[in-house]
Ligand code: ATP
């Protein structure tokens, strides 16, 4: 039996729209329950360097609509070493921090899992990543907003693709996961999605050409997940140039604009609910778990499962995309 008097909160890994809404929710729920909140800046780095500030309810005013993270984020190599984590633990003791809420992706939870076991620290994770690649939750914070950003961009690209009768390869994020590519392809009416999950099995580009894409249309858009498995949009365009020079191909790499912008309502609601659930879980003496939402219900997912188990894209959606692109 232990009592939590003070929690530390940090954001880590890649930023995602809605992280601020999660910071607000965690902070206010903790204060509501009489728990002090210490904001840790720049992810695990701030835990090592001691960049920490007490947060009151007004410190999270007017941030629910803001993209990025007011706590900043960083990739921290020192935390990957036992020496670095030792310093982080000493900082926690010095600051009187009893437990942590970490907002981030699989790397963030891998670090939290190791640290929690090493020093017996209660840690709860909130999934914040645009990639949606964490097992145990239907959606991660930031994914919906990023998908909407992609769809808006593709709508614009289609205007020029149509006018010039061109084939566009539009590259989106998703190194190991095709959620963004596949679902934004469906939502933008793209002809196809080239995703990392499939490329080991067959050559998706050849398949597309064999199936006769663009025969009856005056423009085509193919969404490509940025990944060594797909070769990326540029790699595919180069192949087209040599293998099928009859196509007038262009490439657009959406890059970091996918991470920015004001979170959509869906992500704000997700972040607000998950933040409350993270504090509830700590009060319930849970540790080393990620908060997820499955079928609109809060679930607790052990870090070990969230980071290891594979979350699969629904292969039926590829079929839907193919039917609708004739
Ligand atoms: P995204 O999915 O958006 O990239 P992420 O949380 O996966 O987010 P990473 O850069 O992979 O982002 O991880 C964030 C931080 O977590 C790292 O900079 C490091 O400090 C910590 N971390 C990652 N893996 C480990 C590990 N094996 N041991 C200790 N700490 C780790």
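In my numbering, the protein residues as written are -6 to 319. Even glycine gets a Cβ: it sits at the ideal position worked out from N, Cα and C.
Identity of the residues DSSP links to residue i by a beta bridge
| i | result |
| --- | --- |
| residue 118 | 95 and 283 |
| residue -1 | 29 |
| residue 134 | 121 |
| residue 4 | 96 |
Heavy atom of the ligand ATP within 8 Å of residue i beta-carbon
| i | result |
| --- | --- |
| residue 324 | The structure shown does not extend to residue 324, since the chain is modelled only from -6 through 319, so no value can be given for it. |
| residue 5 | yes |
| residue 112 | no |
| residue 107 | yes |
| residue 34 | no |
| residue 124 | yes |
| residue 174 | no |
| residue 248 | no |
| residue 46 | no |
DSSP-derived helix/strand/coil call for residue i
| i | result |
| --- | --- |
| residue 23 | helix |
| residue 88 | helix |
| residue 111 | helix |
| residue 243 | strand |
| residue 291 | strand |
| residue 18 | helix |
| residue 306 | coil |
| residue 34 | coil |
| residue 319 | coil |
| residue 260 | helix |
| residue 266 | helix |
| residue 146 | helix |
| residue 126 | coil |
| residue 255 | coil |
How about the segment 106 to 113 and the segment 15 to 32: do they share at least three Cβ pairs that are nearer than 8 Å?
no
Three Cβ pairs or more, each shorter than 8 Å: is that satisfied between the segment 112 to 120 and the segment 46 to 53?
no
Any contact between the segment 123 to 133 and the segment 298 to 314? By contact I mean 3 or more CB pairs, one from each, below 8 Å.
yes
Cβ pair count under 8 Å reaching 3, the segment 256 to 263 against the segment 62 to 71:
no
Unbroken beta strand (DSSP E) runs of length 3 or more, entirely within the segment 157 to 238: which are they?
Within the segment 157 to 238, the complete beta strand (DSSP E) segments of 3 residues or longer fall at 160 to 165, 185 to 187 and 213 to 218, listed in chain order.
Would you call the segment 280 to 296 and the segment 33 to 42 touching, i.e. three or more CB-CB distances under 8 Å?
no
Meets three-Cβ-pair contact criterion under 8 Å: the segment 289 to 301 and the segment 177 to 189
no
Please give the ranges of any beta strand (DSSP E) in the segment 41 to 82, keeping only runs that are unbroken, at least 3 residues long and fully inside the region.
45 to 48
Given 8 Å, three or more beta-carbon pairs between the segment 74 to 87 and the segment 266 to 282:
no
Within 8 Å, do at least three Cβ pairs link the segment 162 to 170 to the segment 216 to 228?
Contact between the segment 216 to 228 and the segment 162 to 170 is present, because at least three Cβ pairs lie under 8 Å.
Indicate whether the contact test is met: 3 or more Cβ pairs, each with one atom in the segment 240 to 251 and one in the segment -5 to 15, closer than 8 Å.
No contact exists between the segment 240 to 251 and the segment -5 to 15.
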